[in-house]
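From first to last, the protein sequence lines stand for chains E and L. Using our numbering, the letters of the first sequence map in sequence onto residues 1 to 758. Using our numbering, the letters of the second sequence map in sequence onto residues 759 to 907. Quick reminder that beta carbons are idealized off the backbone N, C-alpha and C, glycines included. What follows is a set of notes on a single structure, which appears directly below.
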Amino acid sequence: MDRKTAQFSDCSTEPIHISGTIQDFGAVLAFKKDFTLTYLSANLGAYLSDLPKNLLDSSLAQILGTSAFDEVTVAISTRRYEEEPYFNLKTKGGSELRCKMHKVGDTFIMDLEPPQEIDHNLVLVKLPFAVSKIQSCSTKQKLLETSVEIIRDLTGYEKVMIYKFHPDLHGEVVAESAEESVDKFLGLHYPAGDIPSQSRNLFLLNRARIISDAAYKPVPLLPTRNAEAALDLSRSNLRSVAPIHVEYMNNMKVQASLTLSLIVNGELWGLIACHHYSSPKLQCIELRAACEMFSRVVSSEITLHNLREVDFQRERSKELRSFLRQEMQNEDNLAKGLFGKTRDVLHLLPPDCTGAATLYDGEWFLSGITPRVPELDLLIKWINSNHPEEDYFFSDSLPSIYPAAMQYKDKCCGILAVTIHKGTNNFLMWFKPEYIRDENWAGNPEKKTEGVDGKLHPRKSFELWAKTVQDKSRPWKIWEQEEAMKLRNQILDIDLKRQFEKEQISRKVAEDAISIIKIKTRELDEQRENSLRSAKMASLGAMAGSIAHEINNPLAIISTSSLVLAKQIEAKADEAVIKHTIGDIKETVERIGKIVRSLSFFVRDSTTEAKVQIPVAQLLDTTLPLAEDKIRSQGCKLSIQGDRELLVRCRPVAISQILLNLLNNSLDAIKDQPNKWIKVIFKEKDGFFLLKLIDSGPGVPAELADKLMDPFFTTKPAGQGTGLGLAISKGLAEQDKGELYLDRESPNTCFVLKLPLT
Amino acid sequence: MKLVNLLLLDDEVLLVKNLSYLLAEFAERSIIAYSAPEALEVMDRIKVHCVISDISLPGMNGLELLRHVRDSGNQVPFIFYTAYRQSKLMEEAARYGAFEFLTKPNFESLKETIQRGIRVGFNRNSKHPPGTDVTEFQKLLQTLDGVLS
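In structure tokens form, the structure reads like this:
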């Protein structure tokens, strides 16, 4: 709302419901539930005879008489007063009074009116007919027009109008039935302040409000000594009229009025305003009740028409949304599904919207008549900074709050923007162009309302005052906003499902990967085990080879020597020659013994071996024979330096295996060199036993040195090395809390075995 | 009458000494070598009718020696008398045209094989191995396949 005029909103603070006076077409009595009187209107005597003299100290029964009092007690105990519009009281004088009673807090308020002549034909024949007539109206406008005709016919007011509240609460006369002679207001707009908020609230409480005579004399309410708070007359038929409203009526030259509320979905949708100009006019309570009932029917008919209208739009939108859902599901980019096909988001909100845009993951999608992308970028920026944290933003007058929009108000004057994901820059937007129209006002609403006396006065002129409405689009309807939100929720829904699917897929991928890894790991484990086994087999094989060599050679010597011996004996050779041959045999047998001892030592399982303290000599003596043949056959020089008596605490087999592995590696590495040598140097240093094995090789290239100890790393031709020797050896050394490493500083290839001495 | 020359090659001193003594009944001359180069030197000087050689030798091994000998066009029967059977070595020996592959100590087999070897070597005129030799190799290979595959 951008009207900043004083209007009548200033009187919204006036306590019009506790004015302390009533209109003069009836009397009021107020009492507590124990029937102690709190208020009575000063005009009571006009309606009740034989009143006690000390009225303010009298009881309700004394005032009403026993018969009427009994009626009241019955009405209260049966709650009849709540259900029926009024009930009859027989007064002491024998006359009847129409009594309308209601309760405010713990106070009962009684409106008393004398009965009036009534044409029963109106209520019994015309009204049912009227109801069926309005129920058959095909459009809402027709309904409103028919309604004003019927009310005028029923009540006889000179003018009956339907006054509709717009979303900004200003009113417009949307239907009118009037005598030829009176001014017509149809199509006129009234500022919201003409009917201030507390008046609107009262219309919700009191659906039929009558002012019988604008020139009435207010009747004061007299408090008894039991009176506490001021009496709230909100729901009283007789409630007095705010002075400013009286003035307003006078300005309009209205002498009497009846106002019926049209309530749709609990809100004041509009009013049926009945005006009488030529004279005051009092409608009897029965007819007012009938009119109220009729206005309720009109209200529900309006509700039905609204629902039907919206239902039609909703059906269309629903169908389109399901189409768009399909389109979105077919596209990777959801926004692409919203655009580009036969129908798009623009068609969701017909017919007022002429453009739609969607910003999705930084990309704009446009349909219909829209601002340009750079303009939209700036607009989004503005929305984000001025309406952050809001799910949606809408305005039917964007230029009034965002002046840059003035440039493109022919495309986007009204805007409805919905964030797709809160906190992201994804938006759905619909645009309505400027809707230039002449609005006819009942008098200039912007005219000052303050009089020379400094008091508020309503405007005096209700002359047609035309105003061209600019910079505004057609308003955003609730169904449009709801449809936009529904589409947004649908997008979120698909988005969520996709994310869920993606997560499921990635979970599936991850699970697959894990199971593949598991399988591979198992395969690798098996392979490793096989390799370990084959490495063990290979070293066993190599060892068996060495052993065979070491044993079969001496066996061959023994075997041939025994044949030689036999021949020598046969040939009666010299005893010295025979002894020499026997000596050869003995020596060779001893050689075999040594090998077998070494072997029996070596085949022990190192994994369960216990640590023992042994001299280095023992390690060397058990290991070297197994490599001796290879060393000799390769013509390699082996030298050993160190104190052979040095004691080492270790698992001898494990260390022998390491040593043999190192020796074999060296022998393989240097076998093609002309001058081959291997040096084994050992010593004690800082509580550690250090064994260096250096060979004539040129060292290990840096790029290989890093991988040297890795399992399955081998430089030997395929089939000749398992790549496990060093890895196993390193593992064995570490099991003894030692280390096995390549000395990279050494100019020749040098491996170091380091073991704690104790 | 020609003399039979036998070449004994092994780095086990005692063994070659014994072999030389025990094989005297089959060959007039047993020449002893402790290394492959020595053996080559011998074969350069005199016509050898049969070679008994170890594989594991200092420096050049027995197989390399055989290849060397074959490369020089000498088809002398070559008997490997070695400490252990290893399929790879045996295959290689067969490929280079070894006469037989025997495992120590098994002297009786050696005696029998040497007699055949000498017969083949002594009767050989051409540089190409006679058919019988080929059969021996194939027998050997079949044995290898059967035993070691």
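Taking only beta-carbon positions, decide if residue i is within less than 8 Å of chain L.
{"i": "Arg591 (chain E)", "result": "no"}
{"i": "Gln720 (chain E)", "result": "Any reading at Gln720 (chain E) must be qualified, since the residue scores a pLDDT of 48, below 50, and its modelled position is unreliable; the value itself is stated next. No, Gln720 (chain E) does not count as interfacial toward chain L."}
{"i": "Ala576 (chain E)", "result": "no"}
{"i": "Ala627 (chain E)", "result": "no"}
{"i": "Ala669 (chain E)", "result": "no"}
{"i": "Asp672 (chain E)", "result": "no"}
{"i": "Asp584 (chain E)", "result": "yes"}
{"i": "Arg632 (chain E)", "result": "yes"}
{"i": "Ala727 (chain E)", "result": "no"}
{"i": "Ala510 (chain E)", "result": "no"}
{"i": "Ala654 (chain E)", "result": "no"}
{"i": "Ala617 (chain E)", "result": "no"}
{"i": "Ala556 (chain E)", "result": "yes"}
Measure the CB-CB distance between residue i and residue j and report whether it falls below 8 Å.
{"i": "His276 (chain E)", "j": "Ser295 (chain E)", "result": "no"}
{"i": "Leu271 (chain E)", "j": "Leu262 (chain E)", "result": "yes"}
{"i": "Ala61 (chain E)", "j": "Met161 (chain E)", "result": "no"}
{"i": "Glu439 (chain E)", "j": "Cys413 (chain E)", "result": "no"}
{"i": "His102 (chain E)", "j": "Arg235 (chain E)", "result": "yes"}
{"i": "Met293 (chain E)", "j": "Ala356 (chain E)", "result": "no"}
{"i": "Val824 (chain L)", "j": "Ala856 (chain L)", "result": "Correcting the residue type first, residue 824 (chain L) is Leu in the shown sequence and not Val. Contact: yes."}
{"i": "Ile22 (chain E)", "j": "Leu202 (chain E)", "result": "no"}
{"i": "Ala484 (chain E)", "j": "Leu416 (chain E)", "result": "yes"}
{"i": "Thr358 (chain E)", "j": "Phe431 (chain E)", "result": "no"}
{"i": "Lys754 (chain E)", "j": "Leu667 (chain E)", "result": "no"}
{"i": "Gly93 (chain E)", "j": "Asp24 (chain E)", "result": "no"}
{"i": "Ile420 (chain E)", "j": "Arg474 (chain E)", "result": "no"}
{"i": "Thr623 (chain E)", "j": "Leu660 (chain E)", "result": "yes"}
{"i": "Ser278 (chain E)", "j": "Glu158 (chain E)", "result": "yes"}
{"i": "Leu349 (chain E)", "j": "Glu149 (chain E)", "result": "no"}
{"i": "Asn552 (chain E)", "j": "Pro816 (chain L)", "result": "no"}
{"i": "Leu268 (chain E)", "j": "Ile118 (chain E)", "result": "no"}
Let me see if you follow: with CB-CB separation under 8 Å, is residue i close to chain E or not?
{"i": "Ser814 (chain L)", "result": "yes"}
{"i": "Gly875 (chain L)", "result": "no"}
{"i": "Glu786 (chain L)", "result": "no"}
{"i": "Gly879 (chain L)", "result": "no"}
{"i": "Thr890 (chain L)", "result": "Confidence at Thr890 (chain L) is low in this model, with a pLDDT of 47, below 50, so its placement is unreliable and the value that follows should be read with caution. Chain E contact via Cβ: absent."}
Take the Cβ of residue i as the centre, count every other Cβ of all protein chains shown within 10 Å, and call the residue buried at 16 or more, exposed below.
{"i": "Met110 (chain E)", "result": "buried"}
{"i": "Gln527 (chain E)", "result": "exposed"}
{"i": "Thr139 (chain E)", "result": "exposed"}
{"i": "Arg308 (chain E)", "result": "exposed"}
{"i": "His886 (chain L)", "result": "At His886 (chain L) the pLDDT is 44, less than 50, meaning the model places this residue with poor confidence and gives no usable figure here."}
{"i": "Ile514 (chain E)", "result": "exposed"}
{"i": "Thr560 (chain E)", "result": "buried"}
{"i": "Ser59 (chain E)", "result": "exposed"}
{"i": "Gly337 (chain E)", "result": "buried"}
{"i": "Ile134 (chain E)", "result": "buried"}
{"i": "Gln568 (chain E)", "result": "buried"}
{"i": "Val774 (chain L)", "result": "buried"}
{"i": "Gln329 (chain E)", "result": "exposed"}
{"i": "Phe129 (chain E)", "result": "exposed"}
{"i": "Ala229 (chain E)", "result": "exposed"}
{"i": "Leu764 (chain L)", "result": "buried"}
{"i": "Gly105 (chain E)", "result": "exposed"}
By the criterion of Cβ-Cβ separation under 9 Å, what are the contact partners of residue i in chain L?
{"i": "Ser559 (chain E)", "result": "Asn776, Lys862, Pro863, Asn864, Phe865"}
Run down chain E in chain order and give the residues with a C-beta less than 9 Å from the C-beta of residue i.
{"i": "Tyr779 (chain L)", "result": "Thr560, Leu563, Val564, Lys567, Gln568"}
Note down, in chain order, every chain L residue with its Cβ under 8 Å from the Cβ of residue i.
{"i": "Thr588 (chain E)", "result": "Leu772"}
Taking residue i as the query, report the chain L residues whose CB atoms sit under 7 Å from its CB, ordered along the chain.
{"i": "Gly635 (chain E)", "result": "Pro816, Gly817"}
{"i": "Ala571 (chain E)", "result": "By Cβ distance, chain L contributes nothing, its closest Cβ being about 11 Å from Ala571 (chain E), past 7 Å."}
- Query: What alpha helix (DSSP H) runs, 4 residues minimum, are completely inside the stretch 172 to 229 of chain E?
  - Reply: Qualifying alpha helix (DSSP H) stretches, in chain order: 197 to 205.
Completely contained alpha helix (DSSP H) runs for the stretch 24 to 75 of chain E, where each covers 4 or more residues
60 to 64, all fully within the stretch 24 to 75 of chain E.
Report task. Could I get the ranges of all uninterrupted alpha helix (DSSP H) runs contained in the stretch 281 to 350 of chain E, with 4 residues as the minimum, in chain order? Result -> The stretch 281 to 350 of chain E contains these whole alpha helix (DSSP H) runs: 285 to 330, 334 to 338.
Q | alpha helix (DSSP H) runs wholly inside the stretch 238 to 273 of chain E, at least 4 long, in chain order | A | Counting only runs of 4 or more, we get 243 to 252.
Original post:
In the stretch 132 to 167 of chain E, which residue ranges form an unbroken alpha helix (DSSP H) of at least 4 residues, counting only runs that do not cross its ends?
Top reply: The stretch 132 to 167 of chain E is shown to contain whole alpha helix (DSSP H) runs of 4 or more residues at 140 to 155, in chain order.
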